[in-house]
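In the numbering used here, the protein residues as written are 9 to 99.
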């Protein structure tokens, strides 16, 4: 499956920068928007990775996950019970 294109806000979030920084990269030709319909552009994740070295969706997700507080024992039990119920229902 092909990677999903990113909005400019998603690019800024993944890169850890402002929208203005993304726009500057576009203006300098370092990042090329893809027109998906009038007034709607998206960006290729592979090109975003080249324009912002070290910025990946995986790194962004890891940073978000690291900022979250750890799960409590009750939360772990509830998640385990939900996963078990889903596994039983898919058999």
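Don't be surprised by glycine CBs; every beta carbon is placed ideally from N, CA and C.
Neighbour-count burial assignment, residue i, 16 or more Cβ in a 10 Å radius
i	result
residue 22	buried
residue 39	buried
Nearest residue (CA-CA) to residue i, options the options
i	options	result
residue 64	79, 45, 53	53
residue 37	48, 78, 55, 46	55
residue 71	85, 91, 24, 89	24
residue 45	19, 32, 15	15
residue 12	42, 91, 32, 83	42
6 Å Cβ shell around residue i - same chain, five flanking residues per side excluded
i	result
residue 60	23
residue 58	none
Alpha carbon of residue i to alpha carbon of residue j, nearest angstrom
i	j	result
residue 77	residue 86	16 Å
residue 66	residue 51	16 Å
residue 68	residue 93	30 Å
Same chain, Cβ closer than 8 Å to residue i, neighbours up to 5 away in sequence not counted
i	result
residue 20	26, 27, 29, 30
residue 97	none
ask   = Along the chain, which unbroken stretches of the beta strand (DSSP E) at least 3 residues long are found entirely within the region 41-76?
value = Taken in chain order, the unbroken stretches of beta strand (DSSP E) that lie wholly in the region 41-76 and span 3 residues or more are 42-45, 48-50.
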